[in-house]
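Presented below is the structure to which this report refers.
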Amino acid sequence: MTLRDELRQIADQAPGADVPDDTWAHAQRSRRSDRSVALAGGVAVVALAAGVGAWLSTSGEPPVPSRDAAAPSSSDGPHHPTADRVQVTCTNEGIELDKRTIAAQPGGVVLVVSSSMPKGSYLAYISDGGGQSGGDRMPADPTTWTLGLAPGDLTLTCAPPGDVEPGPAGHVQVTDPHGYWRGESLADLECTPGALPSWIGGLGGTGDTPEQAVDQVLANFTHLAPATYSAQPAEIGYVDAATQTWVATKNGRPDMTIEVTRMDTRFSAGPERTCGPT
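Yeah, the sequence shown ends on 379 if you go by the numbering used here, and it's all consecutive.
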């Protein structure tokens with residue numbers, strides 16, 4: 102079995118991702134469904150998505166960095182010392198890992214990534230347990246990434262820029278001895294993941310607390326199309342992830358998800374995807 106076959110098989114078998122983890126541009130989660138939707142008031146929105154499995158199967162251009170606020174960066178992750186991490190080094194000869202097992206942290210799975218490959222190369226990451234799968238451009242200098250990858254087998258692959266076959270894969274077993282991963286899904290909350298639209302501007306919100314940021318989002322939607330909105334945080338993903346998922350109801354029915362991101366001492370929120378038929 103080739104590497105491409107192995108990664109495609111992992112992507113096909115992985116459950117739908119409910120956690121907001123940086124995948125590629127307009128493709129925050131793997132294997133999402135693309136649909137077009139229309140916002141009230143006649144504002145057309147277009148579903149933009151390209152799952153991990155799609156990239157692996159088409160052998161097209163490599164993914165571009167995710168727009169997700171929870172994308173890997175040195176500023177993401179828990180606000181306290183990290184007890185466990187994996188050193189990931191990508192070279193033209195292959196991938197190097199300093200360990201094969203890692204314990205998840207409150208904010209997610211911590212990788213320290215560096216690369217001597219050509220500029221524009223990527224590190225692709227896929228978990229067979231679900232969560233955030235995708236890929237991001239690799240830095241030359243060691244940089245800490247905190248990923249919302251579920252416990253299970255994590256496949257890491259270094260991919261050069263352009264239409265080039267990825268290199269050999271490395272595997273890391275992610276454990277969760279302290280129970281930081283929360284297994285609730287959107288389906289449990291009667292919100293079947295629907296379309297990922299390109300929302301019009303001006304619907305986001307900010308605040309000193311997550312509640313304030315979400316309330317601003319709901320007020321913006323109420324102004325756009327009068328209705329009764331409310332929202333509750335979902336027990337999805339890691340307990341201290343930089344980005345958390347909320348589920349909003351419209352007139353008592355699940356309507357959409359809202360992503361709430363911690364930014365130092367403040368929070369930002371914005372609509373993410375619609376809830377499909379329940």
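Where a beta carbon is used, it is the ideal one built from N, C-alpha and C, also for glycine.
The beta carbon of G305 is closer than 6 Å to those of G371 in its chain, skipping five residues each way along the sequence. Residue environment analysis places G232 among the buried positions, since at least 16 neighbouring C-beta atoms fall within 10 angstroms of its C-beta. Cα atoms of D277 and R201: separation of roughly 14 Å, rounded to the nearest angstrom. Judged by their CB atoms, L198 and W246 are not nearer to each other than the 8 Å cut-off.
According to the DSSP secondary-structure assignment, G236 is paired through a beta bridge with A225. If you look at Q333, you'll find it in the beta strand (DSSP E) that goes Y330 to P334. Under a 10 Å Cβ-count criterion, V210 is classified as buried, with 16 or more other Cβ atoms of the shown protein chains found around its own Cβ.
Rounded to whole angstroms, the separation of the alpha carbons of E373 and W300 is 8 Å. Nearest neighbour of G308 by Cα position, chosen from A349, S286 and R363, turns out to be R363. Collapsing the DSSP output to three states places E197 in a strand. For G271, same chain residues with a beta-carbon under 7 Å away, outside a window of 5 residues either side, are I196, L198 and L257 in chain order. With respect to S222, P261 sits close: the two C-beta atoms are nearer than 8 Å. Cα atoms of Y226 and Q333: separation of roughly 30 Å, rounded to the nearest angstrom. By the CB criterion at 8 Å, W282 and P252 fall inside the cutoff. Annotated three-state conformation of D316 is helix, per DSSP.
Listed as beta-bridge partners of F368 by DSSP are G308 and R363.
Straight through space, the alpha carbons of I337 and G236 are spaced by roughly 21 Å. By the CB criterion at 8 Å, T244 and V214 fall inside the cutoff.
One thing to note: D229 has its Cβ within 8 Å of the Cβ of D254. For the set E194, A335, S331 and T344, the Cα lying nearest the Cα of G249 is the one of T344. Contact annotation, D356 with A349: C-beta distance approximately 5 Å; criterion of less than 8 Å satisfied. Contact between V187 and V265 does not hold, since their C-beta atoms are separated by about 24 Å, which reaches or exceeds 8 Å. Closest in C-alpha terms to K220, from the list K351, W347, C259 and V275, comes C259.
Taking C-beta atoms as the reference points, G377 and T293 count as a pair closer than 8 Å. In the DSSP assignment, A270 falls within the unbroken beta strand (DSSP E) covering A270 to T276.
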